[in-house]
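Beneath this line is the structure, given in structure tokens, with notes to follow.
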Amino acid sequence: MDFYYPGKKFPAISVTGTWCELNCSHCQGRYLASMVQADLPEKVLAFCHTLEERGGIGCLISGGCDAMGRVPLPLETLGEIRQSTGLIVNVHTGFIDPETAEALRDIQPQYISFDVPTPTVLKRVYRLPLTQNEYMDSLSLVEDLTIVPHVMVGLNVEEEIRTFTLLSERGMSTVVMLVCTPTPKTPSQTWTISVDAVIESFRSARSLFARVMLGCMRPRLRAIEEMAPLFDGIVVPTRIARDAVREAGQHPVVRETCCVVP
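In my numbering, each residue's number is its place in the sequence shown (first place is 1) plus 217.
Following this line, the structure appears as structure tokens:
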């Protein structure tokens, strides 16, 4: 069991600032505001050099998405970061097109955090005219790299279980679970999430993957946090989660990175 506290040694960087054309129903750019704002390639590069000088371990490179769900990554700059620093680079790509896939193979980031949306997430959250099959095809473009799929649960348990099965059949051994979080002042604020269905999804993933992580995006509800012992790692665990892990006789290791880093 690992407890992950990314913090200052493994910050999240938004390469688009607070801009996001997709404007997902649960976020609308609000979560981007808490990231390091680096909306120009030179800002990203300068920040990473400073991060390494200050003893940083790595960073999550993320940002808002365009209308097709792609994060407009500064690919040339990412290559420079990989060549000129020893940082662990975790890239949140969004939907990947063939051109980006080719560039990522050249860059060789240590990790790719890849969202695999269910059909309901595509329709209600992303509001994208894409299918899950298209996302699976996108994932297949970079299957030779270290991909860690992220799956949002809480909206349709049957689709979530099917998604886990598809990923397992593709040989994925790790999955990060995100829980749909109704956010104030967004279209999602009135949504109701079934905790029982979320737990059912948790158990399904546990039966299929060698390593299952509970990610940072989740409502901090007691029933969810009490499931912490089911996972191999949890990001910023609450006191309830920490107590549940220790009561289960587990001895957590504290890590200062993203949960994709084993």
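Idealized CB from N, CA, C, for every residue including glycine.
Since the structure is predicted, the reported quantities are computational estimates derived from the model, not experimental observations.
query                                                                                                            : result
Complete alpha helix (DSSP H) runs within the segment 291-353 (minimum length 4 residues, chain order)           : 292-301 and 315-324
Status (buried if at least 16 other CB within 10 Å, exposed otherwise) for A422                                  : buried
Beta-carbon proximity check, G371 vs V342, cutoff 8 angstroms                                                    : no
Cβ-Cβ distance between A440 and S390 below 8 angstroms                                                           : no
Cβ-Cβ distance between T302 and E269 below 8 angstroms                                                           : yes
Cutoff 8 angstroms: R459 Cβ touching any chain B Cβ                                                              : Structure shown: chain B not included; a single protein chain is present.
Buried or exposed by the 16-neighbour rule on C-beta atoms within 10 Å, applied to E464                          : exposed
S418 and V374 closer than 8 angstroms at C-beta                                                                  : yes
Runs of beta strand (DSSP E) lying entirely within the segment 414-461, each at least 3 residues, in chain order : 428-431 and 450-452
Rounded straight-line distance, which links the Cα of T310 to that of S357                                       : 14 angstroms
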